[in-house]
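Beneath this line is the structure, given in structure tokens, with notes to follow.
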Amino acid sequence: MKKVILLIFTICLFACSAYAQLKKAGFKDLSFMAGNWTLKHEWGDMEEIWGKPMGDNMVSTFRCVKDGKVVFYEFMVIEQTDSIPVLKLRHFNKGSIGWEDKNKPYLMPAKSVNKNEVVFESLDKAVIITYKRISALKMDCILDEKGKDGKWKKDVFAYTLRR
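Note that the sequence shown covers residues -20 to -1, 1 to 143 in mature numbering (1 follows the signal peptide of the UniProt record, and there is no 0).
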């Protein structure tokens, strides 16, 4: 019985320490994302520009262009809440026609923040976006999406820092 109680206590201690570490994490820990990132992808030429942390936020614009025509845009912000950074995302078609309701951006609280890596997870747990700085000039954006069939699909966007 003592072993079971000790095991439960150890698990709780580990979980609380992991939560406390995430709780202390702020958007300044995400400064590794700042820069003008580009790649050529089957969807088209992509550019994602992240500004440096300022105040309690970071901002980003994204565009995907194929054969000289826009495929879609994104506007993203990371805002620091009382406890964790939250990614707020909006998609747009050509003409700045929004996908999401004007009062409901796509919300993705940070699930984990480590050196040169952050994992955001949607509220419905169907989308996970990981930003991982690989080197001085490389950063991966990994998109994991749960399909309607319940299967997960992974896309890796291997960005290069534009100088």
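Just so it is clear, CB atoms sit at the ideal spot from N, CA and C, and this is done for glycine as well.
Looking at M88 and F72, is the spacing between their C-beta atoms short of 7 angstroms?
-> Your numbering for residue 72 matches position 92 in the sequence shown. Your numbering for residue 88 matches position 108 in the sequence shown. It is not a contact, given that the beta carbons lie outside the stated cut-off.
Measure from the alpha carbon of V45 to the alpha carbon of each residue in G35, E28 and A116, then state which is nearest.
-> Residue numbering aside, residue 45 sits at position 65 when the sequence shown is read from its first letter. Looking from the CA of V45, the closest CA among G35, E28 and A116 belongs to E28.
Apply the 10 Å Cβ neighbour rule to G78 and answer buried if 16 or more other Cβ atoms are within range, or exposed otherwise.
-> Counting from one through the sequence shown, the residue named residue 78 turns up at place 98. By the neighbour-count rule (16 or more Cβ atoms within 10 Å), G78 is not buried but exposed.
Can you tell which of S102, K118 and E54 has its C-alpha closest to the C-alpha of G75?
-> As a first step, residue 75 is located in the sequence shown; it is residue number 95 there, counting from the start. Taking each of S102, K118 and E54 in turn and checking the Cα distance to G75, the smallest one comes out for E54.
In angstroms with no decimal places, state the Cα-to-Cα distance between K91 and G127.
-> Residue mapping note: residue 91 aligns to position 111 of the sequence shown, counting from 1. Residue mapping note: residue 127 aligns to position 147 of the sequence shown, counting from 1. Computed Cα separation, rounded: 20 angstroms.
Given a threshold of 16 other Cβ atoms within 10 Å of its Cβ, counted over all protein chains shown, does L(-14) qualify as buried or as exposed?
-> For the purposes of this step, residue -14 is identified with residue 7 of the sequence shown, where counting begins at 1. Note that L(-14) has pLDDT 32, beneath the 50 cutoff, so the model's placement of it is unreliable and the number below is only indicative. Exposed, since its Cβ has fewer than 16 Cβ neighbours within 10 Å.
Exposure label - residue 144; buried when at least 16 CB within 10 Å | Shown here, the chain extends from -20 to 143; a query on residue 144 therefore has no answer.
Through-space distance from K82 to G24, alpha-carbon basis | Taking the first residue of the sequence shown as position 1, residue 24 is located at position 44. Taking the first residue of the sequence shown as position 1, residue 82 is located at position 102. Here the alpha carbons of K82 and G24 stand approximately 27 angstroms from one another.
Member of L10, S11, D9 and M26 whose CA lies at the smallest distance from the CA of W17 | If you number the sequence shown from 1, residue 17 lands on position 37. The residue with the shortest Cα to Cα distance from W17 is M26.
Under a three-way DSSP split, which group does K20 fall into?
-> Start at 1 with the first residue of the sequence shown, and residue 20 comes out as number 40. K20 carries a strand assignment under DSSP once its states are collapsed to helix, strand and coil.
Looking only at C-alpha atoms, which of V98, I108, E125 and F52 sits nearest to P65?
-> Mapped onto the sequence shown, residue 65 falls at position 85. Taking only the C-alpha atoms, the option nearest P65 is V98.
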